[in-house]
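Beneath this line is the structure, given in structure tokens, with notes to follow.
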Amino acid sequence: MDAQNQNWDDLRFFLAVARAGTLSGAARSLGVTHSTVFRRLGAFEERLGVRLFERLPDGYALTGAGEAMQETAIRIDEEIIALSRQVTGQDQRLSGLIRIIAIDMLAIGLLPPHLAAFHAAQPGIELEVIVSDTPLDLTRREADVALRICNTPQEILVGRRVGRLAFGAYASAERAAQGLDEDLAGSDWIGFGRSHGAIGHQLADWLPKMRPIYRTNSISAAIAAARAGIGLAPLPCAVADRTPDLVRIAMFPEDFQLDLWLLTHEDLRNTARIRVFMDFMADALATDADLLEGRRPQAGPARTTTA
Numbered sequence: 001m002d003a004q005n006q007n008w009d010d011l012r013f014f015l016a017v018a019r020a021g022t023l024s025g026a027a028r029s030l031g032v033t034h035s036t037v038f039r040r041l042g043a044f045e046e047r048l049g050v051r052l053f054e055r056l057p058d059g060y061a062l063t064g065a066g067e068a069m070q071e072t073a074i075r076i077d078e079e080i081i082a083l084s085r086q087v088t089g090q091d092q093r094l095s096g097l098i099r100i101i102a103i104d105m106l107a108i109g110l111l112p113p114h115l116a117a118f119h120a121a122q123p124g125i126e127l128e129v130i131v132s133d134t135p136l137d138l139t140r141r142e143a144d145v146a147l148r149i150c151n152t153p154q155e156i157l158v159g160r161r162v163g164r165l166a167f168g169a170y171a172s173a174e175r176a177a178q179g180l181d182e183d184l185a186g187s188d189w190i191g192f193g194r195s196h197g198a199i200g201h202q203l204a205d206w207l208p209k210m211r212p213i214y215r216t217n218s219i220s221a222a223i224a225a226a227r228a229g230i231g232l233a234p235l236p237c238a239v240a241d242r243t244p245d246l247v248r249i250a251m252f253p254e255d256f257q258l259d260l261w262l263l264t265h266e267d268l269r270n271t272a273r274i275r276v277f278m279d280f281m282a283d284a285l286a287t288d289a290d291l292l293e294g295r296r297p298q299a300g301p302a303r304t305t306t307a
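This is how it looks when you write it as structure tokens:
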């Protein structure tokens, strides 16, 4: 292999196939088409004069040569990402792109007015919001900033706690008007799988007695199901209290609350646009404290449950 004429971007395609095990999976992670991955991988192998993958009926498996290359490729990839973070960390311009990752209920129900205000204050900075229930890897620059629901952020990330999320039991106004048993554990519930990040894990632990008749991995889908009258839903007050046709039936105790963190990688903390965004959003979210902690007045019945 002629290193001087090597296109190092080929390693990115090689690693994507190695990690995904399929061309379609690699294409999704790279944001390109299946045919592009197929073409780039074939051309890379042809230039090297060696086959890196065995083509199997269920996917791609590394050959011996591929396994040898993978170790070096991973190291190069990590060094390039680290270099990118370090260079970006020296950028003092109030311009450029910030990629923000948040789960659907935050991206839809909480962030938009604050992002609009930030854009008005800093029109030179572009914003991209990635909606995902799966945390992206900030160390790999999959996103620049995360608004994350967790009680213990990764040590390599820096930021600040910007609030506490309170939870309550919510039902449609029509279902609430029909009356509910005093013991809510016997009611029909809308639940979340443990795959739904911190919220899924916490609710599965918090509500072991509840009988979910409907499960989803999306807060937005749970809200829609509750509004349709399927059952009671354990929801963050910050979103549910502002949702038409939903009534808070019960408030969960304080030990049911989760921290809300605004985080970035430590190498990006001094990047001007990241620093300005982090400061602005921390101040903006502080104004939502009553909403986040469930202190917004409720029109419907409210009580406290110990689940």
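Just so we're aligned: the sequence shown equals residues 1 to 307 in UniProt numbering.
Note that the Cβ used here is the ideal one computed from N, Cα and C, for glycine as well.
Model, not experiment: these values are computed from the prediction.
Could you tell me the distance, in whole angstroms, from the CA atom of residue i to the CA atom of residue j?
i      : j      : result
Pro253 : Tyr170 : 15 Å
Leu246 : Ala173 : 6 Å
Ala16  : Ala68  : 16 Å
Arg242 : Pro236 : 10 Å
Gly300 : Leu127 : Here Gly300 scores only 43 on pLDDT, less than 50, and its place in the model is too uncertain to base an answer on.
Asp259 : Thr287 : 16 Å
Met251 : Arg295 : 10 Å
Arg12  : Ala143 : 17 Å
Ile156 : Ala176 : 45 Å
Leu106 : Glu45  : 44 Å
Ala117 : Arg39  : 44 Å
Arg148 : Arg47  : 43 Å
Leu115 : Phe280 : 10 Å
His34  : Asp9   : 17 Å
Ala226 : Arg211 : 15 Å
Thr271 : Ala82  : 14 Å
Arg28  : Pro113 : 31 Å
Arg248 : Gln178 : 14 Å
Glu78  : Thr72  : 10 Å
Leu111 : Asn217 : 20 Å
Ala65  : Ala43  : 16 Å
Ala120 : Leu41  : 44 Å
Leu292 : Thr36  : 45 Å
By DSSP's criteria, residue i is part of a beta bridge. Which residues make up the other side?
i      : result
Met172 : Sequence check: residue 172 is Ser here, not Met. Partner(s): Leu246.
Trp189 : Pro212, Leu232
Ile81  : Its beta-bridge partners do not exist; DSSP assigns none.
Phe277 : Beta-bridge pairing links Phe277 to no other residue.
Ile100 : Val129, Val145
Phe53  : Leu62
Asp259 : Arg164
Going along the chain, which residues of its own chain have a beta-carbon closer than 7 Å to the beta-carbon of residue i, five neighbours each way excluded?
i     : result
Thr63 : Arg51, Leu52, Phe53, Glu54
Gly59 : Gly21, Thr22
Ala61 : Phe53, Glu54
Helix or strand or just coil, what does DSSP make of residue i?
i      : result
Thr264 : strand
Pro253 : coil
Val37  : helix
Gly300 : Because the pLDDT at Gly300 is just 43, under 50, the model does not fix this residue reliably, and the point stays unresolved.
Thr305 : Its pLDDT being 45, under 50, Thr305 is placed unreliably in this model, and the value from its coordinates should be taken loosely. Looking at Thr305 - three-state DSSP - the assignment turns out to be coil, as it is neither helix nor strand.
Leu147 : strand
Glu46  : helix
Leu23  : helix
Asp290 : helix
Ala166 : coil
Ala3   : Any answer about Ala3 is weak, because its pLDDT of 47 lies below 50 and its placement is not dependable; what the coordinates show is given next. Residue state, collapsed to three classes: helix.
Leu157 : strand
Asp241 : coil
Leu111 : coil
Leu180 : coil
Arg227 : helix
Ser218 : coil
Arg295 : coil
Leu94  : coil
Val32  : coil
Arg269 : coil
Gln70  : helix
What residues in its chain sit with their C-beta under 8 Å from that of residue i, if we drop five residues either side in the sequence?
i      : result
Ile213 : Asp188, Trp189, Ile190, Ile230, Gly231
Asp290 : Arg296
Ile98  : Ile125, Glu126, Leu127, Glu128, Asp144, Val145, Arg273, Ile274, Phe277
Glu266 : Ile156, Leu157, Val158
Ala228 : Ser172
Arg303 : The pLDDT assigned to Arg303 is 42, lower than 50, so where the model puts this residue is not dependable, and the model offers no usable value.
Beta-carbon within less than 6 Å of residue i's beta-carbon, same chain only, minus the 5 sequence neighbours each way: which residues are those?
i      : result
Val162 : Leu260, Leu262, Ala282, Leu285
Leu30  : Ala16
Gln70  : Ala18
Gly186 : none
Ala233 : Tyr170, Ile190, Ala222, Ala226
For residue i and chain B, any beta-carbon pair shorter than 8 Å?
i      : result
Met251 : Any reference to chain B falls outside this structure, which holds one protein chain only.
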